[in-house]
Amino acid sequence: MGKKATMVLSFVLIICMTGVAAFALTPKEELGKAIFFDENLSINANQSCATCHSPETGWTGTKSDVNAHGAVYEGSIPNAFGNRKPPSSAYATQSPILHVDKKGLFVGGNFWDGRATGEKLGNPAADQAQGPFLNPVEQALPTPADVVTRVCASSYGDLFREVWGTEACDPDKVNLAYDYIGLSIAAYEASPEVNAFTSKFDWSMVGKAKLTLQERKGFSLFQGKGKCQRCHVSNGRAPLFTDFTYDNLGIPKNPENPFYTHNPEFVDGGLGDFLASRLDYAQYAPANAGKHKVPTLRNVDLRPSKDFVKAYGHNGYFKSLWGIVHFYNTRDVLRVCPGPYTEAQALAANCWPPPEVPQNVNTAELGNLGLTREEEDAIVAFLRTLSDGFVPGR
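Just so it is clear: in the sequence shown, position 391 is 390 by numbering that gives the first Met the number 0, and no numbers are missing.
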């Protein structure tokens with residue numbers, strides 16, 4: 000955890016403990032928030048960043064019925080679908096620029112496949128923020144100029160010029176203005192409004208809440224027998240529960256993903272596919288085929304109601320925390336399903352489908368953990384303590 004994030008946590012905790020008014024956003028953060036929630040920044044004026052990254056659901060997918068099946072969201076244009084579920088936009092802002100570490104592992108970047116490297120704007124979150132506006136299966140605007148024109152003509156256009164200068168809307172400086180838009184969104188995504196650090200777990204770390212016996216047992220298992228800690232690092236006062244690396248967990252193809260309707264032979268190679276597109280990284284592609292970003296576990300169970308379905312895994316195959324924990328525990332123990340089963344079908348048949356990408360599957364840290372059902376439930380109970388918005392004493 001960096002110094003800035005620790006200071007933010009301390010400030011937020013002081014606010015919550017003393018009852019002082021909510022953290023005031025800076026002008027740049029306010030601008031980023033306005034852009035983030037603006038549906039007009041899409042071809043049919045019907046989709047914003049928040050459409051797929053809602054605060055009520057932990058800054059990820061907003062529709063229970065979509066999450067319960069394909070988990071991929073329709074773009075601004077009807078029947079336009081991508082191939083992955085929306086990752087959480089919270090806490091991802093602290094991901095470093097994509098690089099190879101001393102162990103030869105790729106670390107950092109954003110998107111599930113790391114393609115928002117941070118090399119362009121010095122910030123992976125800012126690079127990522129520019130992508131959906133021009134993606135034909137997302138907000139689908141034709142050019143950066145279309146995005147900039149709409150921002151400059153919006154109700155917050157004056158704020159845009161105030162933050163970035165009077166020439167920010169100069170039509171001859173469109174590319175620079177488009178960079179400002181990405182940086183503004185990243186500023187909001189890095190703010191305490193998005194990265195709140197106000198979960199029950201956070202409060203327990205400062206003695207303002209107490210985890211139950213089951214939750215404490217789950218945390219112990221998380222750090223030990225469950226091996227979760229190896230990738231979802233929980234060290235420090237305000238851990239991010241990710242090491243920003245990439246892994247192939249052996250997740251099956253999601254048979255309900257609408258993307259496969261028009262692309263039945265598609266195989267999601269994740270980081271490997273992105274690396275293969277770069278001459279400087281192509282040599283690393285085979286060893287990273289099938290790997291996807293290790294996400295933060297913060298807000299992993301945040302939902303507007305108990306019956307709201309969240310989806311887990313890069314393709315949304317799993318529909319419950321217990322389901323994905325059980326998969327981590329038993330992937331290599333149970334028999335292989337005879338067909339492209341959904342999670343519900345696999346759990347009912349006590350089997351798991353084969354991995355979508357059989358290469359590079361992590362067998363050292365999951366697949367045969369030997370956890371009992373009671374231990375699985377304890378880990379789930381702990382994961383549920385990571386949702387922001389917990390109020391001590393209630």
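C-beta: ideal position from N, C-alpha, C; glycine also.
For residue i: DSSP bridge partner residues
| i | result |
| --- | --- |
| Ala-115 | Asn-109 |
| Lys-226 | Lys-226 pairs with nothing; no bridge assigned. |
| Tyr-245 | Lys-292 |
| Tyr-311 | Phe-317 |
| Cys-350 | Arg-334 |
| His-98 | Val-106 |
| Val-360 | Asn-247 |
| Glu-73 | Phe-80 |
| Ser-53 | Thr-59 |
Rounded distance between the beta-carbons of residue j and residue i, thought under 8 Å
| i | j | result |
| --- | --- | --- |
| Asn-247 | Gly-69 | In fact, because the Cβ distance is near 21 Å, the residues do not count as touching under 8 Å. |
| Ser-219 | Asp-300 | Not quite, the Cβ-Cβ distance comes to about 19 Å (not below 8 Å), so this is no contact. |
| Gly-117 | Gly-108 | 6 Å |
| Asn-194 | Ala-89 | 6 Å |
| Ala-208 | Pro-391 | 5 Å |
| His-291 | His-261 | With a Cβ gap of about 22 Å, His-291 and His-261 do not count as contacting. |
| Phe-132 | Thr-384 | Going by Cβ atoms, the distance from Phe-132 to Thr-384 rounds to 35 Å, so no, they are not a contact pair. |
| Tyr-177 | Val-205 | With a Cβ gap of about 41 Å, Tyr-177 and Val-205 do not count as contacting. |
| Gly-156 | Val-162 | Wrong, their Cβ atoms sit about 11 Å apart, outside the cutoff. |
| Phe-258 | Gly-81 | 6 Å |
| His-231 | Thr-244 | The Cβ separation is near 10 Å, so there is no contact. |
| Leu-382 | Leu-320 | 6 Å |
| Val-308 | Ser-63 | 5 Å |
| Ala-189 | Thr-92 | 4 Å |
| Ala-33 | Leu-120 | Not quite, the Cβ-Cβ distance comes to about 19 Å (not below 8 Å), so this is no contact. |
| Ala-377 | Gln-213 | 5 Å |
| Pro-135 | Val-173 | Between Val-173 and Pro-135 the Cβ distance is about 20 Å, and since that is not below 8 Å, they are no contact. |
Short CB-CB distance (under 8 Å) between residue i and chain B
| i | result |
| --- | --- |
| Thr-165 | Absence of chain B from the displayed structure is noted, only one protein chain being present. |
Where the alpha helix (DSSP H) through residue i begins and ends
| i | result |
| --- | --- |
| His-261 | 258-261 |
| Glu-188 | 173-188 |
| Asn-82 | Counting along the chain, Asn-82 falls outside any alpha helix (DSSP H), and DSSP gives it neither H nor E. |
| Ala-129 | Correcting the residue identity first, residue 129 is Gln in this sequence and not Ala. Looking at the DSSP string, the run of the alpha helix (DSSP H) that includes Gln-129 is 123-133. |
| Arg-297 | Looking at the DSSP string, Arg-297 is not in any alpha helix (DSSP H), and its letter there is neither H nor E. |
| Trp-163 | 156-163 |
| Gly-271 | 270-275 |
| Thr-147 | Sequence check: residue 147 is Val here, not Thr. Note, Val-147: alpha helix (DSSP H), 143-151. |
| Pro-26 | 26-35 |
| Ile-378 | 372-382 |
| Ser-203 | 199-204 |
Cβ-heavy atom distance, residue i to the ligand FMN, below 7 Å
| i | result |
| --- | --- |
| Phe-273 | By its list of ligands, the structure shown contains no ligand whatsoever, and the ligand FMN lies outside what it can speak to. |
How do the region 329-342 and the region 244-262 stand: do at least 3 beta-carbon pairs fall below 8 Å, yes or no? yes
Is it the case that the region 258-269 contacts the region 368-383, given that we only count it when at least three CB pairs across the two stretches are under 8 Å? no
How about the region 120-139 and the region 26-46: do they share at least three Cβ pairs that are nearer than 8 Å? yes
Any contact between the region 272-282 and the region 26-34? By contact I mean 3 or more CB pairs, one from each, below 8 Å. no
Taking contact to mean 3 or more Cβ pairs, one atom from each stretch, closer than 8 Å, check whether the region 315-334 and the region 279-288 are in contact. no
Would you check if there are 3 or more beta carbon pairs closer than 8 Å linking the region 85-101 to the region 56-66? yes
Inter-stretch contact at 8 Å, needing at least 3 Cβ pairs: the region 180-189 / the region 124-131: yes
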